[in-house]
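Colleague: Counting from 1017, one number per residue, gives the positions in the sequence shown under our numbering.
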Amino acid sequence: QAQLVESGGGLVQAGGSLRLSCAASGSIFSVNVMAWYRQSPGKQRELVAAMRSSGSTRYENPGKGRFTISRDNAKNTVYLQMNSLKPEDTAVYYCNMFQADTTYWGQGTQVTVSS
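If you want it as structure tokens, here you go:
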């Protein structure tokens, strides 16, 4: 079993930046995928960015060009640097990890961007 704990959410003005962190603990394999999803009220949860333990990344449209995913494998931590934030980025951001055919989710961290 593994556990994910997010931190770094909060309230920021449009144009500002936030850095989210997600620390994984428990049984962590060397090969996995860590990702960030987000969910706004009334909308489905959507993928923001993902990163394999090998270093390859994938970005979806919401944050392309503005968000950067990174990870520290030694610390089992994944980060999401969010720049040029917009009010439409307001959502609960969830950390996700996939390893050994099992998906894990964090509890989520609220990001609110004011106009």
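Glycine is no exception: its CB is placed at the ideal position from the N, C-alpha and C atoms.
Can you name the residues that DSSP bridges to L1027?
Modeller: Note: L1027 sits in a beta bridge opposite T1128.
Colleague: Express the C-alpha separation of G1032 and L1101 in angstroms, rounding to a whole number.
Modeller: For L1101 and G1032, the distance between alpha carbons rounds to 6 Å.
Colleague: Would you check if there are 3 or more beta carbon pairs closer than 8 Å linking the stretch 1070–1084 to the stretch 1017–1029?
Modeller: Judged by Cβ distances under 8 Å, the stretch 1070–1084 makes no contact with the stretch 1017–1029, as fewer than three pairs qualify.
Colleague: DSSP three-state label for E1076, please.
Modeller: Note: E1076 maps to coil in three-state DSSP.
Colleague: Please state whether the Cβ-Cβ distance between V1094 and M1050 is less than 8 Å.
Modeller: The answer is yes: Cβ separation under 8 Å.
Colleague: Just to confirm my understanding: we take S1086, look at its own chain, exclude 5 residues before and 5 after, and list those with CB closer than 6 Å. What are they?
Modeller: Excluding positions up to five away in sequence, the list reads Y1095.
Colleague: How many Å lie between C1111 and W1052 at the Cα?
Modeller: Rounded to the nearest angstrom, the two C-alpha atoms are 5 Å apart.
Colleague: Going by other Cβ atoms of all chains shown within 10 Å of its Cβ, with 16 needed for buried, is D1105 buried or exposed?
Modeller: The residue is buried, with at least 16 neighbouring Cβ atoms inside 10 Å.
Colleague: Could you give the distance in angstroms between the alpha-carbon of Q1123 and the alpha-carbon of A1039?
Modeller: Roughly 12 Å separates the two Cα atoms.
Colleague: Sort out for me which residues DSSP pairs R1035 with in a bridge.
Modeller: DSSP output for R1035 lists Q1097 as bridge partner(s).
Colleague: Assign D1117 to one of three DSSP states: helix, strand, or coil.
Modeller: Here D1117 sits in coil by DSSP.
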